[in-house]
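Encoded as structure tokens, the structure appears first; notes follow it.
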Amino acid sequence: MNKPYSPRAGLSKSMELMLGNAAIARGAYEAGIKVAAAYPGTPSTEVSENLVRYKDELYCEWSPNEKVALEVAIGASQSGVRALCVMKHVGLNVAADPLFTAAYSGVNGGLVLVVADDPGIYSSQNEQDTRLIARAAMVPVLEPSDSEEARIFTRRAFELSEEYDTPVILRSTTRLSHSQSLVNTEARTDITDKAYVRNIEKYVMIPRHAIGRHQFVEERMRRLAEDANELELNRVIESDAKTRVKTYAAEGPQGASSGFEELRVGVICSGIPYQYVREALPAARVLKLGMVHPLPRRLIEDFAAQVDRLYVFEELEPFIEEQVKAWGIPCIGKEIFPRRGEYSIKLIKEQILGEAYAFDTPEVLPARPPILCPGCPHRSVFSVLRKLKLSAAGDIGCYTLGALAPMSVIDTCICMGSAISTLHGMEKAKGRDYIKNWVAVMGDSTFLHTGINSLMNMVYNDATGTVVILDNATTGMTGHQNHPGTGLNLLGETAPMINIATLCRSLGMEYVHEIDAFDTDLLTQTLKTETQREALSVIVAKSPCVLLKAFVPAGKCMVCKEKCKKCGLCISLACPALYKDEAGFAVIEERMCNGCGLCKSQCRFDAIT
Ligand code: SF4
Ligand code: SF4
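If you want the numbering used here, it's the position in the sequence shown, counting the first as 1, plus 2.
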């Protein structure tokens with residue numbers, strides 16, 4: 003299992019400054035993968051976008067969701083090639099079903115999942131810790147600390163996958179995925195395809211086979227845990243120096259500091275927090291774990307025996323800490339470090355060293371609340387929903403901003419594809435009249451991700467209700483990735499285009515409408531009719547995202563001051579291009595206006611041209 007490990011040694015002329023996600027893609031390429039599948043999601047998206055650079059030597063795709071993506075990768079692995087699957091942390095929930103059983107089946111060609119967590123919740127709906135799912139699924143987890151390690155660990159993950167017959171998770175976080183550091187690229191390994199040999203005890207998980215494979219998995223994890231003590235990715239940075247650290251009140255670390263003492267300090271850490279530890283505690287002995295599941299008990303016991311005080315410094319859940327404490331090793335972790343948010347040097351300075359630590363405070367920038375772009379078609383649909391006083395069960399995407407004032411039309415949002423099922427649940431709970439004041443709202447990519455299943459359920463279970471699909475011809479919030487409805491694939495090549503309205507009709511639905519998202523009169527009339535109808539209906543509100551490269555504004559709008567009555571109706575659309583001047587007249591900032599004409603259609607005094 004052990005190999006020489008030296009991420010800094012050998013940095014040569016071929017080194018490049020790389021984003022963590024680009025380095026993961028590079029590592030996968032170098033590892034000789036033949037297939038990669040993903041669903042976009044910040045902070046993981048750029049892994050697939052960088053794999054496109056190697057398209058002549060591997061196949062990569064956007065799949066409609068993470069479950070499908072993982073199944074594609076599993077199939078490729080079973081057929082005998084190395085395969086990669088990429089997603090953000092919440093995507094692993096969607097892919098959990100195949101993952102838990104793939105953990106039993108194991109692999110043929112190496113199988114690696116890249117899962118990017120989001121401590122601090124910069125662009126997600128929760129802050130879940132992938133390590134907990136990995137422990138439940140009984141698969142190993144590697145966690146790099148910079149871009150070079152991201153490349154090396156990705157390569158290594160494929161070797162471990164094949165050596166131990168297991169899927170391996172490479173866990174990243176926003177800070178790693180979106181930071182740049184030097185990477186020393188190497189040549190692609192020429193991996194010969196493995197032969198596929200029929201083996202139903204391994205690949206067909208009927209109960210009789212699964213019982214045997216569960217036993218195999220337990221033995222595999224036991225073996226991995228033992229070998230982890232010698233794994234080169236788990237490293238000790240030696241030191242016998244002492245550090246002046248806070249003492250704590252007798253009742254425990256949560257209490258007030260009662261002074262300082264000079265101690266040999268040890269810290270167990272992994273991933274990005276390792277960088278903070280090295281900078282803030284240069285004299286500390288550090289156990290840097292490259293594999294965070296399973297944990298190396300002997301290595302940790304030996305490490306703990308060499309220090310006077312042991313800290314576990316890990317973002318999010320006390321995953322390492324709980325195991326260390328369960329082994330009877332005293333350590334300090336979540337007593338002084340939070341379970342949420344990103345960690346920092348400041349946190350160590352304050353909580354361990356008892357030092358005040360002030361960042362160079364940048365100029366205070368004006369607050370910029372999240373807002374839909376000028377000319378965004380979602381604003382048009384929301385303005386109609388607001389006018390009709392309809393509430394919306396919402397979903398994941400830019401359009402979740404419809405929950406905020408002044409639109410305030412979205413009332414609920416759980417996860418990808420949830421809006422339609424939520425509406426369905428409301429109807430079954432409160433009856434058909436209740437949801438006449440409601441609609442479900444979701445984007446095109448989200449509908450094809452998992453929304454379609456929910457719509458099928460509504461058809462099947464005789465539901466009523468109105469579903470509005472905001473079709474802006476892209477996966478907007480993650481940065482314009484293609485999906486099965488855009489007519490283009492991950493490589494930007496022409497692909498078969500799923501027509502959403504046709505797909506809905508194919509489920510047997512009678513009332514399916516395709517409407518220009520800016521045709522507010524038709525949208526108003528259709529929504530009035532459909533929400534009152536004792537039937538299920540879909541309205542596909544179509545208009546491309548204004549940030550798409552292909553989007554060409556249809557000109558600019560202007561306010562005629564002589565006609566403006568200062569009523570503020572246009573301002574209430576919250577278009578960033580519109581504001582009131584000091585005298586209360588509406589003004590359109592020409593450089594920002596995308597000429598959607600929504601404000602023009604709202605003005606009752608013909609003041610906007
Ligand atoms: S809606 Fe028309 S009249 Fe009212 S503020 Fe805007 S431009 Fe002026
Ligand atoms: S036309 Fe009006 S609503 Fe549309 S982008 Fe321009 S200012 Fe905003």
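The C-beta atom is built at its ideal place from N, Cα and C for all residues, glycine as well.
- The C-beta of residue 448 has 16 or more other C-beta atoms within 10 Å across all chains shown, which makes the residue buried.
- Of all residues, those with a beta-carbon under 6 angstroms from at least one heavy atom of ligand 2 are 376, 377, 559, 575, 577, 579, 580, 590, 595, 596, 597, 598, 599, 600 and 601, reported in chain order.
- Separation of the CB atoms of residue 226 and residue 292 is rounded to 13 angstroms, and the pair is thereby denied contact status at 8 angstroms.
- For the region 94 to 164, the full-length beta strand (DSSP E) segments reaching 3 residues or more read 113 to 119 along the chain.
- Contact between residue 484 and residue 491 holds, since their C-beta atoms are separated by about 6 angstroms, short of 8 angstroms.
- Beyond the five residues adjoining it in sequence on each side, residue 535 comes within less than 6 angstroms, by CB distance, of no other residue in the same chain.
- As the crow flies, the alpha-carbon of residue 392 is around 15 angstroms from that of residue 401.
- Here residue 186 is buried: its Cβ has 16 or more other Cβ atoms, across all protein chains shown, within 10 Å.
- Contact annotation: residue 469 and residue 422 have beta-carbon atoms nearer than 8 angstroms.
- Around the beta carbon of residue 397, 16 or more other beta carbons sit within 10 angstroms, so the residue counts as buried.
- If you draw a straight line from the Cα of residue 85 to the Cα of residue 609, it is about 59 angstroms long.
- About 4 angstroms separates the CB atoms of residue 45 and residue 179; that is less than 8 angstroms, so the two are in contact.
- For residue 423, the uninterrupted alpha helix (DSSP H) segment begins and ends at 420 to 432.
- Of all alpha-carbon atoms in 556, 285, 68 and 509, the one lying nearest the alpha-carbon of residue 464 is that of 509.
- Exposed is the label assigned to residue 499, since fewer than 16 other Cβ atoms lie within 10 Å of its Cβ.
- The beta carbon of residue 96 sits closer than 6 angstroms to those of 67, 68 and 69, all from its chain and outside the five residues before and after it, given in chain order.
- Three or more Cβ pairs closer than 8 angstroms define a contact, and the region 263 to 283 falls short of that threshold against the region 194 to 214.
- Short note on residue 609: C-beta closer than 7 angstroms to some heavy atom of ligand 1.
- Cβ neighbours of residue 546 within its own chain (closer than 8 angstroms, five residues either side excluded): 379, 474, 475, 476, 552 and 553.
- Residue state for residue 601 is assigned as helix, using DSSP reduced to three classes.
- Within a 10 Å sphere around the beta-carbon of residue 288 sit 16 or more other beta-carbons, which makes this residue buried.
- Every beta strand (DSSP E) of 3 residues or more that sits fully in the region 223 to 271 is shown, in chain order, as 237 to 239, 245 to 250, 259 to 265 and 267 to 271.
- In this structure, 543 is the residue among 408, 233 and 543 with its C-alpha nearest to the C-alpha of residue 443.
- For residue 173, the enclosing beta strand (DSSP E) stretches over residues 170 to 175.
- With a cut-off of 8 angstroms on Cβ pairs, the region 119 to 129 is in contact with the region 163 to 182, counting three or more such pairs.
- For residue 596, no alpha helix (DSSP H) run applies, since DSSP gives it neither H nor E.
- Shown here, residue 21 sits in a strand according to DSSP, grouped into three states.
- Cβ contact annotation for residue 351 (same chain, cutoff 7 angstroms, sequence separation greater than five): 282, 357 and 359, in chain order.
- At least one heavy atom of ligand 1 lies less than 7 angstroms from the C-beta of residue 567.
- The beta carbon of residue 207 sits closer than 8 angstroms to those of 103, 106, 107 and 215, all from its chain and outside the five residues before and after it, given in chain order.
- Residue pairing from DSSP places residue 444 in a beta bridge opposite 471.
- A heavy atom of ligand 1 is found nearer than 7 angstroms to the CB of residue 588.
- Per DSSP, residue 455 is one residue of the alpha helix (DSSP H) stretching across 454 to 462.
- Residue 171 has its Cβ no nearer than 7 angstroms to any heavy atom of ligand 1.
- Inter-segment contact for the region 564 to 581 and the region 595 to 611 is present: three or more beta-carbon pairs are separated by less than 8 angstroms.
- Beta-bridge partners assigned by DSSP to residue 289: 238 and 270.
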